[in-house]
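Trainee: The structure under discussion is supplied below as structure tokens; questions concerning it will follow.
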Amino acid sequence: MTFKETFPTEVDMEVEILGQQPALQVYTQLSSVFRLDADAQVQDILSTLRKGLAQLAKDFPWLAGQIIHERTGHDSSGVFKIKPFEATPRLIVKDASRDGSMPSMEEMAAAGFPMSMFDETKIAPRMTIPGGPGETANDPEPVLLFQVTLAPGALILTSATVHRAIDIIGQAQILHWLSQACHGIPFTEEDKTVGNMERKALIPLIQGSDDLESEFCTLWITPTTPPAKNNDPTPPCSWATIRVSPDALVKLKADATKTVTEGFISTDDALTALVWQAIMRARQHRVPQDRVVRMTRAVDVRSHCNLSSKYPGLMQSQSLNSYPIQELVDAPLGEIASRLRVALDPAKTLRELSGLATMLERDTDKTRYSFVASTDSAIDINLSSWVKVDCYNDDFNFGLGKPVTVVRPHFAPYEGLIYMMPRSVEDGITITICLRDAEIEKLKTDDRLTTYAKFVGN
Numbered sequence: 336m337t338f339k340e341t342f343p344t345e346v347d348m349e350v351e352i353l354g355q356q357p358a359l360q361v362y363t364q365l366s367s368v369f370r371l372d373a374d375a376q377v378q379d380i381l382s383t384l385r386k387g388l389a390q391l392a393k394d395f396p397w398l399a400g401q402i403i404h405e406r407t408g409h410d411s412s413g414v415f416k417i418k419p420f421e422a423t424p425r426l427i428v429k430d431a432s433r434d435g436s437m438p439s440m441e442e443m444a445a446a447g448f449p450m451s452m453f454d455e456t457k458i459a460p461r462m463t464i465p466g467g468p469g470e471t472a473n474d475p476e477p478v479l480l481f482q483v484t485l486a487p488g489a490l491i492l493t494s495a496t497v498h499r500a501i502d503i504i505g506q507a508q509i510l511h512w513l514s515q516a517c518h519g520i521p522f523t524e525e526d527k528t529v530g531n532m533e534r535k536a537l538i539p540l541i542q543g544s545d546d547l548e549s550e551f552c553t554l555w556i557t558p559t560t561p562p563a564k565n566n567d568p569t570p571p572c573s574w575a576t577i578r579v580s581p582d583a584l585v586k587l588k589a590d591a592t593k594t595v596t597e598g599f600i601s602t603d604d605a606l607t608a609l610v611w612q613a614i615m616r617a618r619q620h621r622v623p624q625d626r627v628v629r630m631t632r633a634v635d636v637r638s639h640c641n642l643s644s645k646y647p648g649l650m651q652s653q654s655l656n657s658y659p660i661q662e663l664v665d666a667p668l669g670e671i672a673s674r675l676r677v678a679l680d681p682a683k684t685l686r687e688l689s690g691l692a693t694m695l696e697r698d699t700d701k702t703r704y705s706f707v708a709s710t711d712s713a714i715d716i717n718l719s720s721w722v723k724v725d726c727y728n729d730d731f732n733f734g735l736g737k738p739v740t741v742v743r744p745h746f747a748p749y750e751g752l753i754y755m756m757p758r759s760v761e762d763g764i765t766i767t768i769c770l771r772d773a774e775i776e777k778l779k780t781d782d783r784l785t786t787y788a789k790f791v792g793n
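Residue numbers (this note's numbering): 336 to 793.
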């Protein structure tokens with residue numbers, strides 16, 4: 336099966352069934368920060384990038400497309416499709432090297448590159464949540480956009496992908512392809528086939544009359560009783576950035592392994608357990624002691640569906656983990672990590688993925704379902720680990736070397752949301768956490784957390 340046989344000449348592509356959830360109206364941003372010397376030829380860099388984007392759009396036309404929401408009936412949530420938009424993915428160039436609006440590379444490095452220094456309103460081509468500053472509800476939804484921001488001594492390349500069509504694994508693959516194109520390296524037939532493949536029927540569905548509503552009740556968005564009127568202001572929330580060095584990661588896994596209850600745990604398991612437990616200690620004073628707390632953990636399910644690791648679409652599930660809060664804060668780290676690992680059992684993960692996909696396929700109203708339907712962000716957490724995403728080897732032929740750091744730009748606070756950034760050989764793993772301000776202060780004095788992690792700013 337060749338590229339020409341599988342891809343239509345006119346882009347008209349339904350997004351994956353997972354992307355048909357109406358609530359997935361967000362953009363995922365990722366920024367690669369390069370050191371920019373005074374004698375760097377910026378126009379040559381931009382020319383290289385534009386040529387790479389043109390080649391990317393030529394071989395993967397849908398990346399230059401936009402999301403169109405087609406209504407299909409009164410009781411239907413409609414269908415989301417990718418349709419033509421522009422000739423190449425949009426590129427915005429912003430020179431903030433002399434106006435004082437951006438910190439210098441030296442200032443960023445001295446502070447440890449905290450999320451707060453990378454404001455999405457300054458360095459991103461689209462806001463994470465549509466409708467932010469400078470945007471309206473009627474703006475087009477491009478599949479892929481870029482912004483190059485010039486700061487004193489730095490060049491920041493930010494990509495923004497529409498989440499209903501591309502997850503973080505897909506975004507990293509697209510960036511790798513772009514870097515390849517900037518080097519003038521042609522794409523293989525395999526790349527073009529995988530990158531342009533039909534997006535329907537990728538997830539095996541559950542056949543028969545299984546009671547899906549009962550089995551997968553945690554995925555149903557259930558109506559809730561309106562809360563009693565409360566005039567108290569919402570407690571302020573902020574983003575905090577912590578970093579766990581390579582040596583601390585080795586120690587963390589070794590320490591957690593001493594108390595595992597079964598089998599293997601990964602460094603990611605141990606780190607996730609450390610962060611979840613610390614957050615619950617910070618929140619424990621306001622959470623009922625009999626409350627079962629939850630955490631969702633994003634899972635790449637390409638291998639579960641026999642798809643190539645290069646598949647660039649949305650192929651992500653969520654592992655739901657539950658613990659009585661008192662049991663969680665008292666448990667040894669290895670025990671928590673073990674339970675997190677068990678929850679990733681491939682057969683269990685595929686069953687849950689198939690359940691959600693089947694309900695979405697059968698129901699015309701897809702507003703009823705969500706990956707995080709059973710979580711309360713004021714108490715529970717939603718975690719996305721980008722640790723295994725390799726972004727540090729893509730230099731885009733800029734002549735600037737490899738990126739100094741890779742960050743997720745700062746956006747409006749969203750309580751209970753956590754991102755683990757791509758792992759750096761030199762610096763380890765950076766984690767961005769959004770919590771109430773008072774709870775962030777508690778984390779800063781949490782001896783068990785700070786044994787391994789260092790705060791690098793808000």
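Glycine is no exception: its CB is placed at the ideal position from the N, C-alpha and C atoms.
These figures come from a predicted structure and were not determined experimentally.
1) Is it the case that the Cβ atoms of P487 and M437 are separated by a distance below 8 angstroms?
2) Would you grab the beta carbon distance between T407 and V414 for me? Rounded to a whole angstrom, and I think it's under 8 angstroms.
3) Taking only three categories from DSSP, how would you classify D781?
4) Taking the alpha-carbon positions, what's the R534 to A373 distance?
5) Just mark P396 as buried or exposed, buried being the case when its beta carbon has 16 or more other beta carbons within 10 Å.
6) Please work out which residues of its chain come closer than 6 angstroms, Cβ to Cβ, to E761, disregarding the five sequence neighbours upstream and downstream, and give them in chain order.
7) Using alpha carbons as the reference points, say which of M615, R618, D590 and E405 lies closest to A605.
8) According to the Cβ coordinates, are C769 and G751 closer than 8 angstroms?
9) What did DSSP end up calling E405 once you bin it into helix, strand or coil?
10) Grouping DSSP H, G and I as helix and E and B as strand, with all else coil, what is L642?
11) Please specify which runs of the beta strand (DSSP E), each continuous and at least 3 residues long, are wholly inside the region 671-723, giving them in chain order.
12) Let me know the secondary structure DSSP gives T496 once reduced to three states.
13) Would V739 pass as a contact of V368 if the rule is Cβ separation under 8 angstroms?
14) Of the residues N732, K779 and L691, which one's Cα is nearest the Cα of S355?
15) Name the DSSP beta bridge partners of R771, please?
16) Let me know if K588 comes out buried or exposed under the rule of 16 or more other beta-carbons within 10 Å of its beta-carbon.
17) Do K779 and the ligand GDP come close, with the Cβ less than 7 angstroms from some heavy atom?
18) Taking the beta carbon of F481 as the centre, do at least 16 other beta carbons fall within 10 Å, making it buried, or is it exposed?
19) Alpha carbon to alpha carbon, what distance is there between F731 and L384?
20) Does the region 652-659 come close enough to the region 617-636 that 3 or more CB-CB pairs lie under 8 angstroms?
21) Can you have a look at F420 and say buried or exposed, based on whether 16 or more other CB atoms are within 10 angstroms of its CB?
22) State the Cα-Cα distance for the pair L655 and M443, rounded to the nearest angstrom.
Mentor: Taking the coordinates as given:
1) yes
2) 6 angstroms
3) coil
4) 45 angstroms
5) buried
6) none
7) D590
8) yes
9) strand
10) coil
11) 716-720
12) strand
13) yes
14) Note that residue 355 corresponds to Gln in the displayed sequence, not to Ser. Among N732, K779 and L691, the Cα nearest to that of Q355 is on L691.
15) C572
16) buried
17) Judged by which ligands are present, the structure shown has none, so any question about the ligand GDP falls away.
18) buried
19) 7 angstroms
20) yes
21) buried
22) 36 angstroms
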